[in-house]
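Let me begin by presenting the structure, written as structure tokens, before commenting on it.
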DNA sequence: CAGACATATTCCTGAAGGAGTATATATGAC
DNA sequence: GTCATATATACTCCTTCAGGAATATGTCTG
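Residue numbers (this note's numbering), protein chains in the order written: chain P, 4 to 112; chain H, 4 to 112.
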């Protein structure tokens, strides 16, 4: 996930979302220096977010959909949460009171 | 998104997914030092990922579901992509050939 | 008020990582 | 083979940021 934290890398991913691209094309479109793009692609590649295929002297990078599916899967439990309308704060407060009572008793002994 | 890049912060978010917690409880469960937890919570808070509610001398933190919905929304375009089975590589190669032809003609003039 | 407890903030240090430049490697054309 | 092109790597500089310790702020109890 830290691979997507870097703004330029996020841009690269969004570029590759449309279609696979060679390094030089990414350089042109983002206006970055070539070595930086190569390094970012390296990070993305090691994170499993993109994959390469050499074509002649070019290297075509494209997105690995599966990696983003994993992110999607990670979100699943939250999807369940964000529809629950009841406020769990009450439960929390009850728990805290229980815990506090325990401490007090312990102290009095 | 960079807020979630830090492992401990990610853990905090996953802890808060179950239910809101006070700072001290997060400290206990993750075995981190209290100042670090407070700092991480600050980052998460500024990123809009969590929100606070003071209860006595405690501060109860909980997840802001909306923030994660935004991540979910960001994934939407990719959801469309990762079901397409046809390989876009052919298109790319055609484009490259066109481009190359242009260069060659330009050079000969 | 004092003193205990919960949390936040400050300062310092060290490690990670992005940017820039130069260079290395690989492929294709001639 | 030489040369041009495409990409990767190495090295240095500099900024960001997480960890640690000490301290400050705030709140409750008596």
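For each residue, glycine too, the CB sits at the ideal point set by N, CA and C.
ask   = If you pair each beta-carbon of the segment 38 to 46 of chain H with each one of the segment 23 to 37 of chain P, do three or more pairs fall below 8 angstroms?
value = Judged by Cβ distances under 8 angstroms, the segment 38 to 46 of chain H makes no contact with the segment 23 to 37 of chain P, as fewer than three pairs qualify.
request  = Can you tell me the Cβ-Cβ gap for residue 74 of chain P and residue 78 of chain H, rounded? I've got them flagged as a contact below 8 angstroms.
outcome  = 6 angstroms
query = On the premise that residue 19 of chain P lies in contact with residue 66 of chain P, defined as a C-beta separation below 8 angstroms, what is that separation, rounded to the nearest angstrom?
reply = 5 angstroms
message = With H, G and I counted as helix, E and B as strand and the rest as coil, what does DSSP make of residue 110 of chain P?
response = Bear in mind that the predicted position of residue 110 of chain P carries a pLDDT of just 41, short of 50, making it unreliable; the figure below should be weighed with that in mind. DSSP places residue 110 of chain P in helix when its eight states are reduced to three.
Run of the beta strand (DSSP E) containing residue 62 of chain H, from where it starts to where it stops = 61 to 66
key: DSSP three-state assignment for residue 35 of chain P, whether helix, strand or coil   = Three-state DSSP puts residue 35 of chain P in coil, outside helix and strand.
task = Return helix, strand or coil for residue 6 of chain H, following the three-state DSSP convention.
result = It is helical.
request  = Measure the C-alpha to C-alpha separation of residue 14 of chain H and residue 21 of chain H and round it to an integer number of angstroms.
outcome  = 12 angstroms
key: Where residue 50 of chain P falls: helix, strand or coil (DSSP)   = coil
query = Roughly how many angstroms lie between the CA atoms of residue 64 of chain H and residue 53 of chain P, to the nearest whole one?
reply = 35 angstroms
query = Where residue 69 of chain P and residue 12 of chain H are concerned, what is the direct C-alpha to C-alpha distance, given to the nearest angstrom?
reply = If I take the Cα positions, the gap works out to 24 angstroms.
request  = Check whether the Cβ of residue 1 of chain P lies closer than 8 angstroms to any Cβ atom in chain H.
outcome  = This structure cannot settle anything about residue 1 of chain P, because the visible part of chain P is limited to 4 through 112.
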